[in-house]
Amino acid sequence: MYVTLTRFAVTLTVTLGFLTGCPTPTPPPDPPRAIACEEEEDCADLGPGHMCMGGGCMVMIIDAPAVEVPASSDSALDPQPLDDLDPDPAVFEANLVALVDTVELVPGTATEAFVYKQDGAAPARIPGPLIDVEAGTRVLIHFTNLLDEPTTIHWHGLVLPNEMDGAPDDVAGIAAGASFDFDFVAAEPSLYWFHPHIRGDVQIERGLYGAFRVREASPPAVDSERIFVLDDVLLDDARQVEPRAEGPAMTPDGQFMTFEGMMGRQGNRLLLNGKSNPFVDVVAGTVERWRIVNVANSRFFRLAIPGHSFVIIGTDVGFASAPDERDELLLAPGERYDVLVRMDGDPSSEVALVTKHHNRGHDMADPGDLVVATLRYDAAPAPVPTPLPVVTRDIERLVASAEPDQIVRMDEDLLRGARVGFSLNDELWPDVTPLSAALGDEETWDIVNETHMDHPFHLHGFPFQVVERAPLEGGDTVAEPMLAWKDTVIVGPRQRLRFVVRYDGFPGMWMLHCHILEHAERGMMTMIDVAD
Ligand code: C2O
Ligand code: CU
Numbered sequence: 032m033y034v035t036l037t038r039f040a041v042t043l044t045v046t047l048g049f050l051t052g053c054p055t056p057t058p059p060p061d062p063p064r065a066i067a068c069e070e071e072e073d074c075a076d077l078g079p080g081h082m083c084m085g086g087g088c089m090v091m092i093i094d095a096p097a098v099e100v101p102a103s104s105d106s107a108l109d110p111q112p113l114d115d116l117d118p119d120p121a122v123f124e125a126n127l128v129a130l131v132d133t134v135e136l137v138p139g140t141a142t143e144a145f146v147y148k149q150d151g152a153a154p155a156r157i158p159g160p161l162i163d164v165e166a167g168t169r170v171l172i173h174f175t176n177l178l179d180e181p182t183t184i185h186w187h188g189l190v191l192p193n194e195m196d197g198a199p200d201d202v203a204g205i206a207a208g209a210s211f212d213f214d215f216v217a218a219e220p221s222l223y224w225f226h227p228h229i230r231g232d233v234q235i236e237r238g239l240y241g242a243f244r245v246r247e248a249s250p251p252a253v254d255s256e257r258i259f260v261l262d263d264v265l266l267d268d269a270r271q272v273e274p275r276a277e278g279p280a281m282t283p284d285g286q287f288m289t290f291e292g293m294m295g296r297q298g299n300r301l302l303l304n305g306k307s308n309p310f311v312d313v314v315a316g317t318v319e320r321w322r323i324v325n326v327a328n329s330r331f332f333r334l335a336i337p338g339h340s341f342v343i344i345g346t347d348v349g350f351a352s353a354p355d356e357r358d359e360l361l362l363a364p365g366e367r368y369d370v371l372v373r374m375d376g377d378p379s380s381e382v383a384l385v386t387k388h389h390n391r392g393h394d395m396a397d398p399g400d401l402v403v404a405t406l407r408y409d410a411a412p413a414p415v416p417t418p419l420p421v422v423t424r425d426i427e428r429l430v431a432s433a434e435p436d437q438i439v440r441m442d443e444d445l446l447r448g449a450r451v452g453f454s455l456n457d458e459l460w461p462d463v464t465p466l467s468a469a470l471g472d473e474e475t476w477d478i479v480n481e482t483h484m485d486h487p488f489h490l491h492g493f494p495f496q497v498v499e500r501a502p503l504e505g506g507d508t509v510a511e512p513m514l515a516w517k518d519t520v521i522v523g524p525r526q527r528l529r530f531v532v533r534y535d536g537f538p539g540m541w542m543l544h545c546h547i548l549e550h551a552e553r554g555m556m557t558m559i560d561v562a563d
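For what it's worth, our numbering labels the leading residue of the sequence shown as 32, then goes sequentially.
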């Protein structure tokens, strides 16, 4: 029926154009549509694998791009700190630009990227410069946008005045050629990061991101502290970043979701501080502190090191109440962990830091363990092994109310006009109705994930405490094992996640969204108006 109508329309247009003798503009092609459904049975006749998602019968998946892991050549680079121009120790003042430049992601080839730099002359690197300050420092960043498109800088996780948050709630962003002075206090020690909030799926993929460390006055005693910024990038044969997949996320017959359209972009190169499989030089018997952030568009990293474990001492926002030792560390885009690693390997050995498969929905195929970096043990062990510091923190436990004050429903929306979207409360950004709350209040939120995949949920402006998770279909509610502050959290497929937040920071319109950038850009963003 649908096909017939379309053909009829085309015929009619052509005929009229012929009759009047003037060229008729061709109407835009209809976007592919999924066949509408209400329940699973409606899709039964369409063939194997069809499921009813977001109101349409769809088949997943076209496979994720295969990852190429080169042999290790050089050592991992620490992110280069941004220079502080202000001699006053209480003030950190710096210049920062964003521009197009080339970086060497694959040895011997230049890849065009978007980069943050101290100034136009500084060497281009991904990640951008590290902002490294002690807690309580006033941060002044004089930023100039030298790209030929608008951008913003969002300081992911930092509690700061709303107008410094770099979110596109009512701004068109910082125009090409324009400047903006950011001015805020970096209050709470943790590892944060910064990135644009306009066309994030393109601008972050192309390299606009940097780490932001707010140091404790007295950090735990370790042998070394490293910052690992994890990313992946999708390069074509000429080693250039693949353009964003435009148009609907479906194949032209309207039945198959493309991988990027559905799950978000995964790259074919893994990057640790901008390098594929670098060496990390370590010494047996020492203890290292790793501050890890995942800045990828959609890839989850599930880190493991054979024969080693991770002692989690902190999450997105500062230390946790007590350490938690794990063999694996799962980080969704946007999340951070602060871990201690006992260097238990043999002198002169090499051990891989790998990311294991994490099925984040729709039966993603398992590519096996992928090497992120190679730990290279020195021939000489530490003369005396370093004891593992015990890091604890007094955290007041926020108590959830019996009924949530806010409910955010995550869903797919495959049939709304020309847009294939991911929705929050049935709305697609930017056509949204903001939630509302009052500064100083404490509220319980339920994030209800109606879809069949993980979504990392991120709230700006106010860290929260995760309380529990429960399957939508019934089953046991699981209390969150760690007492800690988060700003980004994985909400599993068909899961309800509950957290408590205290609106303790600054009033204003704050964003909340999925941190899979393709989902956010396809609608999974909204706002909350926190009134003074
Ligand atoms: Cu990391 Cu709204 O962003
Ligand atoms: Cu998502």
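For each residue, glycine too, the CB sits at the ideal point set by N, CA and C.
Listed by position in the chain, the residues whose beta carbon lies within less than 6 Å of some heavy atom of the ligand CU are F453, H486, C545, I547, H550, M555.
G345 and Q526 have their C-alpha atoms some 25 Å from each other.
For L548, there is no enclosing beta strand (DSSP E); the residue is part of the alpha helix (DSSP H) that begins and ends at 548-552.
The beta carbon of A562 lies closer than 8 Å to those of S467, A468, A469, L470, P538 in the same chain, with the five residues before and after it left out. Pairing L548 with G80 gives a Cβ-Cβ distance that is not under 7 Å.
Rounded to whole angstroms, the Cβ separation of V272 and E236 is 6 Å, and the two are in contact under 8 Å. For D232, the enclosing alpha helix (DSSP H) covers residues 231-234. Remark: C-beta atoms of R270 and T133 do not approach each other more closely than 7 Å. Counting only runs of 3 or more residues that sit fully inside the stretch 116-200, the beta strand (DSSP E) segments are 122-134, 142-148, 162-165, 168-176, 185-187, in chain order. Taken in chain order, the whole beta strand (DSSP E) runs of length 3 or more contained in the stretch 301-365 are 310-313, 318-325, 332-335, 341-345, 350-357, 360-362. The C-alpha of A404 lies about 27 Å from the C-alpha of Q149.
Distance between S307 and G188, taken at the CA atoms: about 27 Å. The stretch 511-527 makes contact with the stretch 493-500; the number of CB pairs closer than 8 Å reaches 3 or more. DSSP places D560 within a strand segment (E or B) once states are collapsed to three. Cα atoms of A144 and V131: separation of roughly 6 Å, rounded to the nearest angstrom. Look at D73 here: in three-state DSSP terms it is helix. Excluding residues up to 5 positions away in sequence, F123, A217 lie with their Cβ nearer than 6 Å to the Cβ of T168 in the same chain. Ranking D507, L116, E511 by CA distance to the CA of V498 puts E511 first. Under DSSP, C88 takes part in a beta bridge, and its partners are I66, C83. Residue burial annotation: V421 is exposed, with fewer than 16 other C-beta atoms found within 10 angstroms of its C-beta.
When secondary structure is reduced to three states using DSSP, E99 falls in the coil class, being assigned neither helix nor strand.
Note on geometry: alpha-carbon atoms of T317 and D377 lie some 12 Å from one another. Of the heavy atoms belonging to the ligand C2O, none sits nearer than 6 Å to the Cβ of G295. Secondary-structure assignment with DSSP links G295 through no beta bridge to anything. A Cβ-Cβ contact shorter than 7 Å links V190 with G536.
Distances from the alpha-carbon of E427 to those of A97, V531, M293 put V531 closest. If you draw a straight line from the Cα of M395 to the Cα of D94, it is about 7 Å long. In this chain, the beta strand (DSSP E) harbouring G241 covers 241-246. By the 16-neighbour rule on beta-carbons within 10 angstroms, T142 is buried.
Per DSSP, I521 is one residue of the beta strand (DSSP E) stretching across 519-522.
Judged by the Cβ position, M542 qualifies as a neighbour of the ligand C2O at the 6 Å threshold, a heavy atom of the ligand being closer than this.
Contact between N325 and R296 does not hold, since their C-beta atoms are separated by about 14 Å, which reaches or exceeds 8 Å. Sequence-distant partners of G85 (beyond 5 residues in either direction) whose C-beta falls short of 6 Å from its own C-beta, in its chain, are E443, D444, L445. Close CB contacts of H388 within its chain, under the 8 Å cut and outside five residues either way in sequence, are with R333, M395, D397, P398, G399, D400 (chain order).
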